[in-house]
Amino acid sequence: MFTHISKLKVLTKIMMRVVIVISLIFLNMNAISKATENNIRISGRLDQYCQIEFLAIKKNVNVRILKTHGGDFYVYPPKVSSSFTGCQNVWLGNGFKLTTTHYKNGIVTWIRGQEPKDVRPYFCLYKNKLLFKESSFNIKRCTATIK
27 MFTHISKLKV LTKIMMRVVI VISLIFLNMN AISKATENNI RISGRLDQYC QIEFLAIKKN
87 VNVRILKTHG GDFYVYPPKV SSSFTGCQNV WLGNGFKLTT THYKNGIVTW IRGQEPKDVR
147 PYFCLYKNKL LFKESSFNIK RCTATIK
C-alpha cells in the first residue's frame with residue numbers, strides 16, 4: 027500500500043509538470059502572436075501596403091509579374107527605394123501570399139511568410155540587418171543577415 031501512494035505521488039508530480047509545460051506552450055504561442063502584431067506596427071499604425079490584398083493589385087499596372095516555369099509571382103510594390111517605409115508583398119498567381127517584407131527607410135526590419143505546403147508561417151525580425159532569433163519563429167526560413 028505504501029508503494030501505491032508513492033506511485034500516486036510520482037504520477038501527480040508528472041501530471042502537474044505536463045500541465046505546466048502545456049500552459050507555457052500556449053502562453054508562448056500567444057506571446058509570439060502578440061509580438062508579431064506589435065512588430066508590424068510603427069508609431070501605432072500599419073505602414074503602407076502591409077495589409078494590401080491580392081485582388082487590389084492583380085490588375086494594377088504597377089505590379090511586377092515574374093513568370094517562371096512553376097507559375098507567376100506578383101510583387102507589389104514592384105520596386106523599393108532606399109527611403110521606402112512600408113511593406114512589399116509577394117503572391118502566387120492563385121492569390122496565395124508568400125511573403126510580406128517590411129522596410130524602414132529602405133532597410134528590412136521583418137519578413138513574414140508561409141510556404142504553400144507548410145502549415146507553419148515564419149517570422150523573421152531583423153535588428154541592424156541581423157536576425158534577432160529571440161523574437162523570430164520558424165527561423166529555418168530566415169536568413170541570418172540581410173543586405
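If you use my numbering, the sequence shown corresponds to residues 27 to 173, in order.
Glycine included, each C-beta is placed from N, C-alpha and C at the ideal position.
Does Cys77 pass the burial test, meaning 16 or more other C-beta atoms within 10 Å, or should it be called exposed? This sequence places Gln at residue 77; Cys is not what is there. It is exposed - the Cβ of Gln77 has fewer than 16 other Cβ atoms within 10 Å.
Once you ignore the five residues that flank Tyr129 on each side, which residues in its own chain have a CB closer than 8 Å to its CB? Val106, Phe110, Thr111, Gly112, Cys113, Gln114, Thr135
Measure the CB-CB distance between Thr125 and Ile133 and report whether it falls below 7 Å. no
Please report the straight-line C-alpha distance between Glu160 and Val89, rounded to a whole angstrom. 34 Å
Classify Gly96: buried if its beta carbon has 16 or more other beta carbons within 10 angstroms, exposed otherwise. exposed
Sort Tyr75, Tyr100, Leu81, Leu118 by Cα distance to Pro142 and report the nearest one. Cα-wise, what sits closest to Pro142 is Leu118.
Rounded separation between Ile172 and Lys85 - CA only: Computed Cα separation, rounded: 31 Å.
In angstroms, rounded to a whole number, what distance separates the CA positions of Thr127 and Pro147? Distance between the alpha carbons of Thr127 and Pro147: 14 Å.
N- and C-terminal bounds of the alpha helix (DSSP H) containing Phe80: 80-83
Apply the 10 Å Cβ neighbour rule to Phe149 and answer buried if 16 or more other Cβ atoms are within range, or exposed otherwise. Flag for Phe149 reads buried.
Ile133 - DSSP class collapsed to helix/strand/coil: strand
When burial is assigned at 16 or more other CB atoms within 10 Å of the CB, is Ser162 buried or exposed? That one is buried.
Burial state of Ile91 (16 or more Cβ within 10 Å): Residue environment for Ile91: exposed (fewer than 16 other C-beta atoms within 10 angstroms of its C-beta).
Which residues in the same chain as Leu151 place their Cβ atom closer than 7 Å to its Cβ, once the five residues preceding and following it in sequence are excluded? Asn65, Trp136, Phe158, Ser161, Ser162
For Asp98 and Tyr75, what's the separation of their Cα atoms in angstroms? 20 Å
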